[in-house]
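Chains as they are written, first to last, in my numbering: chain A, 1047 to 1359; chain B, 1047 to 1359. The beta carbon of each residue, even a glycine, is placed where N, CA and C say it ideally should be.
Protein chains: 2
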Amino acid sequence: MTSKDINLRIVLDWGTTSFRALLVDGAGAIIDRIESEQGIQSVQDGNFIGVLQSAIAPWRQQHGVLPIYAAGMIGSRNGWIEMPYVATPADENTVAAQVRTIRLPDGGTITFIPGLTDRSAYLFADVMRGEETQLVGFGLSRDITAVLPGTHAKWARIENSQITRFQTFVTGEVFGTLSRYSFLAKIAKKPEAPDWTAFLRGVDAVRNDRRAAGLLTHLFAVRTGWLSGNLKPEEMSDYLSGLVVASEFREAKALGWFEIGDTIAVIGDDDLVDVYRRVGESFGLTVILGDPDCAVQGCLAIAKILHHTPGVS
Amino acid sequence: MTSKDINLRIVLDWGTTSFRALLVDGAGAIIDRIESEQGIQSVQDGNFIGVLQSAIAPWRQQHGVLPIYAAGMIGSRNGWIEMPYVATPADENTVAAQVRTIRLPDGGTITFIPGLTDRSAYLFADVMRGEETQLVGFGLSRDITAVLPGTHAKWARIENSQITRFQTFVTGEVFGTLSRYSFLAKIAKKPEAPDWTAFLRGVDAVRNDRRAAGLLTHLFAVRTGWLSGNLKPEEMSDYLSGLVVASEFREAKALGWFEIGDTIAVIGDDDLVDVYRRVGESFGLTVILGDPDCAVQGCLAIAKILHHTPGVS
């Protein structure tokens, strides 16, 4: 069996702290996957090619040389090559027009997908890497606001089959650093399973506040809740999670990203999708979920455009 | 020379991560000080008395037994004894009425000053420990809003010679954890001296934003500023500082703590006082500064009340 038989490709999801390669067929089905903790930041002396080739050696042996597609942080300043950012409004065609393909020593290719920038953003141009491919995979045919949770969550607007604008919220990073290193770290106990009741209490603390309060005031409720006997140590982490994600929705609402009654999409492949769905519903939204493999579908959609465009391959 | 000669006292500033004892005379002048890193959290098996007595042994030897006054976290759940919180509105008399004095084995005494709670706060009763003593030391005779910067900064309203209400902002903790553990930690370089230009750019990024944006959106400017070549690594830390403290002022303004043109007080004994003064002035405020030793003055003011009150000593 060779790659030409069933149009196999490799989709690379190589982030700052993890490596993931997916073997997909021409229909987008995931045949196999290889995962490790060799994120970008662990690669020595810029030897991305060595790490990649040894990681996917089993596929090379079985299927021969396969074309590779890579979106996200591997194509950033700290990654293999620094890819440009395509300016919004953008769609799959404008993204595909700025890919860069490198020929590898074994005769194969790796195609890097560019990021996206929204130059209309305040204060500096906003940026995404990887989420543009998820959005393409989700599909741009329906006008909708899409939320992509993560360390740096993105809210993106899809209109007239384009990604018209987007905004980053540093929610995951704030939650992560506070829960690991703040006053909470000494008191909070991680529960065995998510405590959705505590989580929703955190959401409500922010959502029901009629004052014009922000995150710096709301955060202290995790401590005063504990001091006043209203929060147990094993509830604090999920309460904080609800409080912080609800703060993101509150900011997004104030910035006009949604109104009560709207339908929004939540796109992702991890536990945060359910977290964001719950908060969205608390805020009176109808939430539709993207497939967990939007990134793969996006890579394949871009690959398809490239293969139909003369002069690029 | 004995303590009775010049009315010597010891004021204890014993926090979570540091120990500080001040030897003061009857007029409030600081005669000597002993400092160490033996904060509350480093004390083994609750042996506060042992740590205290060996720390101040030189004074014991020279001056005999001296009365000790302690405000702040040493009187908290994680400290020596858990002192109550006096409810607002409160003044030096209501605070003094709830001190607790313990007799020590050497015949001396340690008097713990209670904290303060604002039960009208949203969502749970807000709390302070130590800042009430600084406010008493600052003086309650003038109606003013006072800001006490710190890990958990406090905004307090002084009216009719009382502390009427207060609010906590988790500003110092957010700045500290983000600058040490977030994406910034890998890129930012600590400058040799504060870069006030970068700092004020961070302040302006928040202050000049006409949108209803909050901290979760503003924080990403530290990254996009760097990516777009508008922020150098050695500017990022001070830019973040300006951005986060300005976010506190923005929230405080939205919550009605001040209006442009108001006079506020900034009370503290470290570099943050100057940081807050600069942000306050950027927000169109007249800023007056409390003496750095407000905590000492507050302890002495409370001691004076106790000594004039029959039955307490």
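Put simply, the backbone Cα of A/D1308 is about 43 Å away from that of A/I1102. The Cβ atoms of A/R1253 and A/A1292 lie closer than 8 Å to each other. Annotation for A/G1092: W1126 place their beta carbon closer than 8 Å to its own, counting only its chain and skipping 5 residues before and after. A/D1250 sits in a helix when the DSSP states are folded into three classes.
Going by C-alpha positions, B/Q1084 is about 52 Å away from A/T1179.
Proximity of B/R1253 to chain A, defined by a Cβ-Cβ separation below 8 Å, is not satisfied. For B/R1066, the closest C-alpha among the options B/L1058, B/A1073, B/G1072 is that of B/L1058.
In the DSSP annotation of this structure, B/E1205 is not part of any alpha helix (DSSP H); the continuous beta strand (DSSP E) holding it starts and ends at 1199–1205. Note that the stretch 1315–1333 of chain B touches the stretch 1232–1248 of chain B; at least 3 beta-carbon pairs, one per stretch, sit closer than 8 Å. Taking 7 Å as the cut-off between beta carbons, the residues of the stretch 1267–1289 of chain B near chain A are A1267, T1270, G1271, L1273, S1274, N1276, in sequence order.
At least 8 Å separates the CB of A/V1193 from every CB of chain B. Remark: C-beta atoms of B/A1117 and B/T1163 do not approach each other more closely than 8 Å.
Below the 9 Å Cβ cutoff, chain B contributes Y1168, A1300, L1301, G1302 as neighbours of A/R1257, in chain order. Counting only residues of its own chain and dropping the five nearest sequence neighbours on each side, A/L1230 has a CB closer than 8 Å to the CB of L1224, V1268, R1269, M1282, S1283, L1286. Taking 8 Å as the upper bound for CB-CB distance, A/V1342 and A/G1074 are in contact here, some 6 Å apart. Burial state of B/G1260 is buried, judged by a 10 Å Cβ sphere holding 16 or more other Cβ atoms. Chain B has no Cβ within less than 8 Å of the Cβ of A/F1221. Using a Cβ-Cβ cut-off of 8 Å, A/Q1144 does not count as an interface residue toward chain B, since no Cβ of chain B sits closer than that to its own. No residue range can be given for A/L1186, since it is assigned to no beta strand (DSSP E) and is classified by DSSP as neither H nor E. By alpha-carbon distance to A/R1296, the top candidate from A/F1266, A/A1251, A/N1276 is A/A1251.
In the three-state scheme derived from DSSP, where H, G and I count as helix and E and B as strand, A/S1082 is classed as strand.
Following the DSSP letters along the chain, one finds B/A1067 inside the beta strand (DSSP E) bounded by residues 1065–1070. Counting along the chain, A/Y1115 sits inside no alpha helix (DSSP H); it lies in the beta strand (DSSP E) bounded by residues 1114–1117. Distance from the CA atom of A/V1145 to the CA atom of A/T1157, rounded to whole angstroms, is 6 Å. Between the alpha carbons of A/I1313 and B/T1197 lies a distance of about 36 Å.
Interface criterion not met: the Cβ of A/T1063 is under 8 Å from no Cβ in chain B.
Close to A/S1293, with beta-carbon spacing below 9 Å, are these residues of chain B in chain order: G1260, L1261, L1262. Around the beta carbon of A/G1275, a 10 Å sphere encloses fewer than 16 other beta carbons of the protein chains shown; the residue is thus reported as exposed. For A/Q1208, no alpha helix (DSSP H) encloses it; the enclosing beta strand (DSSP E) starts and ends at 1208–1215. Here DSSP, grouped into helix, strand and coil, assigns A/D1091 to helix. Between B/A1199 and B/E1294, the C-beta spacing is below 8 Å. Counted as a single uninterrupted DSSP element, the beta strand (DSSP E) harbouring A/T1332 occupies residues 1332–1335.
In the three-state DSSP reduction, A/R1296 falls in the helix class (H, G or I). Of the candidates B/L1301, B/V1193, B/S1082, the residue whose Cα lies closest to the Cα of B/S1100 is B/S1082. Comparing alpha carbon positions, the residue from A/V1141, A/W1303, A/E1305 closest to A/L1352 is A/V1141. Between A/F1184 and A/A1311 a beta carbon distance of about 7 Å is seen, short of the 8 Å cut, so the two are scored as contacting.
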